[in-house]
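A.B. asks: Here the protein sequences line up with chains A and B, keeping their order.
Each step along the first sequence adds one to the number in my numbering, with nothing skipped, and position 55 is 560.
Each step along the second sequence adds one to the number in my numbering, with nothing skipped, and position 121 is 202.
Even glycine gets a Cβ: it sits at the ideal position worked out from N, Cα and C.
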Amino acid sequence: MTKAITYNNINVGDAMPAFTSDPVTRTHMVRYAGASGDFNPLHHDETFVKIFGMPLVISHGMLIMGITGRAITEWIDDKYIRKFGVRFSGMTEPVDLHDFENTKQRATITVTGKVVEKFEEAGEKRIRCEIQAADGLGAVKITGTFVAALP
Amino acid sequence: MADKTKIGTEFPPYTFEVEKGKIAEFAMAISQKESKDQVKPIYWNAAAAKAAGYGDIVPSPTFQTCFALWGGGGLMPMLQSLGINLVRLLHGEEEYEYLNPIHPGDIMTGQSKVVSMYDKEKKDKPGKLMEFTVLETEIKNQRGELVIRARTTLVER
Numbered sequence: 506m507t508k509a510i511t512y513n514n515i516n517v518g519d520a521m522p523a524f525t526s527d528p529v530t531r532t533h534m535v536r537y538a539g540a541s542g543d544f545n546p547l548h549h550d551e552t553f554v555k556i557f558g559m560p561l562v563i564s565h566g567m568l569i570m571g572i573t574g575r576a577i578t579e580w581i582d583d584k585y586i587r588k589f590g591v592r593f594s595g596m597t598e599p600v601d602l603h604d605f606e607n608t609k610q611r612a613t614i615t616v617t618g619k620v621v622e623k624f625e626e627a628g629e630k631r632i633r634c635e636i637q638a639a640d641g642l643g644a645v646k647i648t649g650t651f652v653a654a655l656p
Numbered sequence: 082m083a084d085k086t087k088i089g090t091e092f093p094p095y096t097f098e099v100e101k102g103k104i105a106e107f108a109m110a111i112s113q114k115e116s117k118d119q120v121k122p123i124y125w126n127a128a129a130a131k132a133a134g135y136g137d138i139v140p141s142p143t144f145q146t147c148f149a150l151w152g153g154g155g156l157m158p159m160l161q162s163l164g165i166n167l168v169r170l171l172h173g174e175e176e177y178e179y180l181n182p183i184h185p186g187d188i189m190t191g192q193s194k195v196v197s198m199y200d201k202e203k204k205d206k207p208g209k210l211m212e213f214t215v216l217e218t219e220i221k222n223q224r225g226e227l228v229i230r231a232r233t234t235l236v237e238r
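1) Can you find a C-beta in chain A that's less than 8 angstroms from the C-beta of V139(B)?
2) Return helix, strand or coil for R255(B), following the three-state DSSP convention.
3) Would you list, in chain order, the members of the stretch 566-589 of chain A that have their beta-carbon closer than 9 angstroms to a beta-carbon of chain B?
4) Using only alpha-carbon positions, find the residue among H603(A), V517(A) and G595(A) that is nearest to G618(A).
5) Taking just the CA atoms, how far does E622(A) sit from E226(B)?
6) State the start and end residues of the unbroken beta strand (DSSP E) segment that holds A523(A).
7) Going straight from the alpha carbon of M506(A) to that of A639(A), what length do you get?
8) Is the separation between the beta-carbon of N181(B) and that of V139(B) shorter than 8 angstroms?
9) With DSSP collapsed to three states, give me the class of E579(A).
10) Could you list the residues in the stretch 527-550 of chain A with a C-beta less than 7 angstroms from some C-beta on chain B, going in chain order?
11) Going along the stretch 103-128 of chain B in order, which residues come within less than 8 angstroms of chain A, judged by CB to CB distance?
12) Hey, E217(B) and R232(B) are a contact pair by Cβ (cut 8 angstroms); roughly how many whole angstroms apart?
13) Suppose you measure from the CA of F544(A) to the CA of I577(A); what does that come to, to the nearest Å?
14) Check the Cβ-Cβ distances between R631(A) and every residue of chain B, and say whether any is below 8 angstroms.
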């Protein structure tokens, strides 16, 4: 166990521990489709996306937000999260298993963040963090913020 | 093109019963894991959740996305009724405010309304517009407590 995070021992400018996902596969996307109920064929059917001239299926943005949420809650307990918002800025193509080494970076999501504000609200001591999710090539997928109430 | 006379439209409420298996399944999906014992125990083990200071098992932070998709007949009929062009549609932003916990057995009711619709000029193509539609959804539990307030920004590029 790492030392518990408290309002007093965290400071503006502190970085959230960087989190790196597994390379997103089509199987991960199918699992997410079933879990969430989002069966838009854009996310699993390559014969569908070809109609629009797209070469590959793309991940659900909400899967990338889910991975970002996981990164946050690996650091700060779920029960402390008060707000979580993101802007989607890029699409994510899954890794091609027959060409894994050349395609894994575009499908690997690294989430980083830092504390930008400490404040009191609703009788709680809260922090606001800015977060970003980007792939292994540096392309940004998500920018956002979350607010947590800390003990 | 989104029909801007639809600002203020309230969609019919939908309900979704929170099941423990769905919470574990969703946590596995966002964690890229194949079995529940590879994800945090608060997502599937009531005793572990209670020991960690929760009332019961809780879902991961974006779980509520499945309330509308599984409980509300999907987003598509909603978007079509607004005249949104699905081929041009992008999910621009998603934001949650967490006001009360969610546990297995809770019956969630969500209701969405269109709070704004506006255009913005494309940076790279002057004169061409991107159209924005913002939905706000209030999700309440069976006790009528507001649990989550969600804000979704859709973009037609």
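C.D. replies: Short version:
1) Along the second sequence, read from residue 1 onward, the residue named residue 139(B) stands at position 58. Yes - at least one Cβ of chain A is within 8 angstroms of the one on V139(B).
2) In the structure as shown, chain B starts at 82 and stops at 238, and residue 255(B) therefore has no counterpart that could be examined.
3) G566, M567, L568, M570, G571, I572, T573, G574, R575, I577, T578, E579, D582, D583, K584, I586, R587, K588 and F589
4) Here residue 618(A) is taken as the residue at index 113 of the first sequence, counted from 1. Selected option, being the one with the closest Cα: V517(A).
5) As a working note, residue 226(B) is residue 145 in the second sequence. As a working note, residue 622(A) is residue 117 in the first sequence. If you take the alpha carbons of E226(B) and E622(A), they lie about 29 angstroms apart.
6) Counting from one through the first sequence, the residue named residue 523(A) turns up at place 18. Run containing A523(A): A520 to T525, per the beta strand (DSSP E) assignment.
7) What you label residue 506(A) is simply residue 1 of the first sequence in a count that begins at 1. What you label residue 639(A) is simply residue 134 of the first sequence in a count that begins at 1. Here M506(A) scores only 44 on pLDDT, less than 50, and its place in the model is too uncertain to base an answer on.
8) As a working mapping, residue 181(B) is identified with position 100 in the second sequence. As a working mapping, residue 139(B) is identified with position 58 in the second sequence. Not in contact: N181(B) and V139(B) (Cβ atoms no closer than 8 angstroms).
9) Translated into the one-based positions of the first sequence, residue 579(A) becomes position 74. Three-state DSSP puts E579(A) in a helix.
10) D527, H533, R536, Y537, A540, S541, G542 and D543
11) K103, E106, F107, M109, A110, I111, S112, Q113, K121 and I123
12) For this step, residue 217(B) is matched to residue 136 along the second sequence. For this step, residue 232(B) is matched to residue 151 along the second sequence. The Cβ separation is near 5 angstroms, so the contact holds.
13) As a first step, residue 544(A) must be located in the first sequence, where it is residue number 39. As a first step, residue 577(A) must be located in the first sequence, where it is residue number 72. Computed Cα separation, rounded: 26 angstroms.
14) As a working note, residue 631(A) is residue 126 in the first sequence. No, because no Cβ of chain B sits closer than 8 angstroms to the Cβ of R631(A).
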